[in-house]
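Novice:
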Amino acid sequence: MTATVNLDQVSKCYGKIEAVRDVTLALDRGETTALVGHNGAGKTTLLKLMLGLVRPSAGSIRVLGDNPAAGEFAARSKVGYLPENVSFNAALTGREILSFYARLKREPTTTALRLLDLVGLGSAATRRVGTYSKGMRQRLGLAQALIGEPQLLLLDEPTTGLDPALRLSFYEIVQALRDRGATVVLSSHALAELGERADRVVIMSRGAMVANGSIDELRHIARLPARIRLTASGETEGIQNWLGGSERWRQVNGHVIEIDAAPERKIELLRRATERGAPVEDVDVVPPTLDEIYAHFLRAQEGAR
Amino acid sequence: MRNVFIIAGKEIQECLRNRWVLSATLLLAALALTLTFLGSAPTGNVGVRPLDVVIVSLSSLSIFLLPLIALLISHDAIIGEIERGTMLLLLSYPVGRWQVLLGKFAGHLVIIAFAIVLGYGAAALVLAAMGVSIDSESWTAFGKMIGSSVLLGASFIALGYLVSSLVRARGTSAGIAIGIWLLLVLIYDMALLGLLVVDQGQLISTGVLNALLLFNPTDVYRMFNLASSANVSVFSGMAGLADTMSLNTGVLLIALAVWAIVPLALAALAFSRREL
């Protein structure tokens with residue numbers, strides 16, 4: 045099966061700044077990818093490269109069979125894009141703008157206008173976009189990205205400005221498209237926001253791809269310690285003596301201590317803690333959070349430089 | 037091709053919405069009507085062909101005003117959309133960049149043509165309604181004037197696009213557009229006149245002068261309108277020039293068209309190479 049998007053050793057320089065450095069990436073049908081990185085990590089440039097808005101300095105790109113760097117644009121009728129800070133001509137109404145974009149994609153205007161109801165703009169359709177709030181503009185941006193059931197959906201920081209209820213319905217819409225075989229790319233500067241919804245996570249740092257895999261794979265590679273929290277049955281000194289000097293721990297309060305347990309030590313520790321006679325009343329295991337994993341990969345990148 | 041029409045349609049819709057069409061048409065109509073009434077005052081109505089007087093006044097007015105209107109509408113067309121962020125979204129759609137440029141050009145040209153035909157046409161209609169007799173020769177000259185005015189507008193729209201697709205900021209685009217207007221509308225002719233006075237006919241032959249005039253679209257337009265019809269050139273004081281001019285109207289029209297096509301092609305080239 046050919047991938048929807050294929051990037052092969054793609055680099056992009058703006059003068060001396062390397063916005064994207066040697067990225068090789070393939071995105072498959074029906075796959076949601078979270079593109080995570082700080083501001084200026086190269087996420088937006090990567091999306092623009094896929095759309096042919098900028099040309100790569102090196103490497104090759106294929107999107108739905110097109111080479112966007114050569115100005116081929118036929119496949120873009122099956123691509124939906126929501127730019128960061130989307131903007132529209134303020135003089136036109138939401139309905140006029142959506143029908144304009146639907147015409148460009150050769151989609152019937154009536155089906156496209158139904159998208160306005162989907163994103164909750166039905167009642168504001170005949171108002172000028174100039175009167176819209178930021179959240180409403182973002183919703184209109186989402187509606188235009190969904191025109192014509194795209195096979196590839198590129199969403200740059202899609203949920204900024206959306207209220208929680210709309211954010212939820214937004215993820216439902218994306219999920220439905222994905223189930224129909226669309227490739228979805230969501231960018232964000234926080235992994236926690238997207239991690240659990242994505243089949244794959246790509247972490248970018250200073251233009252380079254520092255991680256690429258499912259969240260479980262990343263968790264495995266990062267080998268971050270899980271936090272085991274033990275509540276003592278008496279004073280914590282009992283636990284401290286019981287532990288011996290083998291583990292790193294810290295005291296949370298008079299009854300609770302916390303241990304950073306490496307993955308291979310975790311099971312052994314839990315076994316010991318649940319043994320008969322151990323001075324432990326309760327055990328909690330907190331796996332490393334997505335933010336910790338994200339931070340780990342960014343640190344690893346810093347260390348490598 | 038359909039994309040070009042879609043984009044042209046949206047451009048017209050936007051200009052209608054923000055009153056561009058209305059204000060341009062009203063401005064041209066107001067000035068044309070003023071000139072029509074004022075123009076007939078000094079000459080009186082005896083033995084003079086009123087429409088020809090109007091053609092002389094209007095084409096002199098057009099040389100100043102039409103480039104200004106065209107540059108105002110076009111200097112912002114590319115860089116403005118890039119700065120506002122709307123171009124990013126538009127280019128993520130299945131349209132070629134040349135289609136975007138051509139669509140905008142078609143839309144803006146329709147708007148200018150509409151303003152010219154309505155604004156200047158009003159002047160002619162008022163003359164006709166006042167019972168002034170206008171012969172077919174005058175009507176032909178008037179039609180030529182309207183047609184070449186649209187072409188003049190087209191060439192300055194194309195020049196505006198060229199600037200707009202090269203610069204990095206809107207302010208720069210506006211500054212350069214003003215510079216182009218000053219250069220082509222005012223400075224070029226003055227410099228040429230100064231040159232002729234200094235030269236005293238030593239080096240600059242009629243052929244060189246004709247060539248120099250072709251390098252400025254407003255001069256091409258002026259020669260076409262003021263010297264092309266015998267009746268008009270008498271009123272415009274260009275009769276002397278018309279006699280010695282070796283360029284026929286066909287060449288002038290082609291020159292004006294080249295002034296629209298070449299900047300437009302260059303703008304398309306610059307825009308296609310641009311990254312955003």
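Top to bottom, those sequences are chains Z and W. Position 221 of the first sequence, counting from 1, maps to 265 under my numbering, and the rest follow consecutively. Position 24 of the second sequence, counting from 1, maps to 60 under my numbering, and the rest follow consecutively. We put the CB at the ideal spot given by N, CA and C, even for glycine.
Pick from Z:R271, Z:A252, Z:L274 and Z:I247: whose alpha carbon is nearest that of E261 of chain Z?
Specialist: Z:I247
Novice: Taking only runs of the alpha helix (DSSP H) that begin and end inside the segment 39 to 114 of chain W, which ones reach a length of at least 4 residues, in chain order?
Specialist: 56 to 79 and 86 to 110
Novice: Using a C-beta to C-beta distance shorter than 7 Å, which residues of chain W count as neighbours of K178 of chain Z?
Specialist: Chain order gives no chain W residues near K178 of chain Z, where near means a beta carbon separation below 7 Å; the closest approach is about 13 Å.
Novice: If you follow the alpha helix (DSSP H) that K140 of chain W is in, where does it begin and where does it stop?
Specialist: In the DSSP assignment, K140 of chain W falls within the alpha helix (DSSP H) that extends over R133 to A165.
Novice: For R267 of chain Z, name the three-state secondary structure that DSSP assigns.
Specialist: coil
Novice: Alpha carbons only, please: which of W:R55, W:H144, W:V146 and W:I42 is nearest the one belonging to L148 of chain Z?
Specialist: W:I42
Novice: Could you tell me whether any Cβ in chain Z is nearer than 7 Å to the Cβ of R53 of chain W?
Specialist: yes
Novice: Between the Cα of S258 of chain Z and those of Z:A242, Z:G251 and Z:R267, spot the shortest distance and give me the residue it belongs to.
Specialist: Z:A242
Novice: Less than 7 Å between the beta carbons of G74 of chain Z and G225 of chain Z, yes or no?
Specialist: yes
Novice: Comparing the C-beta of Y129 of chain W with each C-beta of chain Z, is any distance below 7 Å?
Specialist: yes
Novice: I think V123 of chain Z touches P194 of chain Z, with their Cβ atoms under 8 Å apart; what is that distance to the nearest whole Å?
Specialist: 6 Å
Novice: Give, in chain order, every residue of the segment 99 to 127 of chain W whose Cβ lies closer than 7 Å to some Cβ of chain Z.
Specialist: R120, G121, T122, L124, L125 and L127
Novice: Ends of the beta strand (DSSP E) at G109 of chain Z?
Specialist: Where G109 of chain Z is concerned, there is no enclosing beta strand (DSSP E), given that its DSSP letter is neither H nor E.
Novice: Who are the Cβ neighbours of K56 of chain Z in its own chain at under 7 Å, not counting the five residues just before and after it?
Specialist: A63, V64, T89, L93, V98, P100 and S101
Novice: Given A113 of chain Z, which residues of its chain have a CB within under 7 Å of its CB, disregarding the five upstream and five downstream residues?
Specialist: G96, R99, P100 and I105
Novice: What residues from chain W crowd round A276 of chain Z, counting only those whose CB sits closer than 8 Å?
Specialist: Going along chain W, no residue has its Cβ under 8 Å from A276 of chain Z, so there is no contact; the nearest lies around 58 Å.
Novice: For N111 of chain Z, decide whether its Cβ has a neighbour in chain W, counting only Cβ atoms nearer than 7 Å.
Specialist: no
Novice: P127 of chain Z CB to nearest chain W CB: under 7 Å?
Specialist: yes
Novice: Spatial neighbours of A151 of chain W within its chain, please: CB distance less than 6 Å, with the 5 preceding and 5 following residues excluded, ordered by chain position.
Specialist: Annotation for A151 of chain W: A60, T61 and L64 place their beta carbon closer than 6 Å to its own, counting only its chain and skipping 5 residues before and after.
Novice: Beta-carbon of S131 of chain Z versus every beta-carbon of chain W: anything under 7 Å?
Specialist: yes
Novice: For chain W, find out if any of its Cβ atoms is closer than 7 Å to the Cβ of S249 of chain Z; answer yes or no.
Specialist: no
Novice: Look up T275 of chain Z in the DSSP assignment and say whether it is helix, strand or coil.
Specialist: Strand.
Novice: Short of 7 Å Cβ to Cβ, which residues in the segment 59 to 76 of chain W face chain Z?
Specialist: Along the segment 59 to 76 of chain W, there is no position whose C-beta sits under 7 Å from a C-beta of chain Z.
Novice: Is the separation between the beta-carbon of P359 of chain Z and that of D200 of chain Z shorter than 7 Å?
Specialist: Since the displayed chain Z opens at 45 and closes at 349, residue 359 of chain Z lies outside it and no answer follows.
Novice: Measuring straight from C-alpha to C-alpha, what distance separates I91 of chain W and A165 of chain W?
Specialist: CA-CA distance, I91 of chain W to A165 of chain W, rounds to 17 Å.
Novice: Using the Cβ count rule (16 or more neighbours within 10 Å means buried), how would you classify V330 of chain Z?
Specialist: The residue in question, V330 of chain Z, is exposed, as its Cβ has fewer than 16 Cβ neighbours within 10 Å.
Novice: Which one or two residues does DSSP pair with N256 of chain Z in a beta bridge?
Specialist: Under the DSSP definition of a beta bridge, N256 of chain Z partners with Z:V246.
Novice: Work out the CA separation of R310 of chain W and S191 of chain W for me, nearest whole Å.
Specialist: 22 Å
Novice: Report the rounded CA-to-CA distance for L240 of chain W versus A213 of chain W, giving the unit in angstroms.
Specialist: The identity of residue 240 of chain W in the sequence shown is Ile, whereas the question assumes Leu. If you take the alpha carbons of I240 of chain W and A213 of chain W, they lie about 30 Å apart.
Novice: The alpha helix (DSSP H) that contains T155 of chain Z, what's its start and end?
Specialist: Element bounds for T155 of chain Z: T153 to L162.
Novice: Would you call E229 of chain Z buried or exposed, if buried means 16 or more other Cβ atoms sit within 10 Å of its Cβ?
Specialist: The sequence given here has Val at residue 229 of chain Z, not Glu. Around the Cβ of V229 of chain Z, a 10 Å sphere holds 16 or more other Cβ atoms; the residue is buried.
Novice: Is the beta carbon of A220 of chain Z closer than 7 Å to that of H340 of chain Z?
Specialist: no
Novice: So, does the CB of V67 of chain Z fall closer than 7 Å to a CB anywhere in chain W?
Specialist: no
Novice: Anything in the segment 220 to 231 of chain Z with a Cβ closer than 7 Å to a Cβ of chain W? List those residues in chain order, please.
Specialist: none
Novice: Kindly indicate if chain W contains any beta-carbon less than 7 Å away from that of S121 of chain Z.
Specialist: yes
Novice: Tell me which residue opens and which closes the beta strand (DSSP E) that Q53 of chain Z is part of.
Specialist: V49 to Y58
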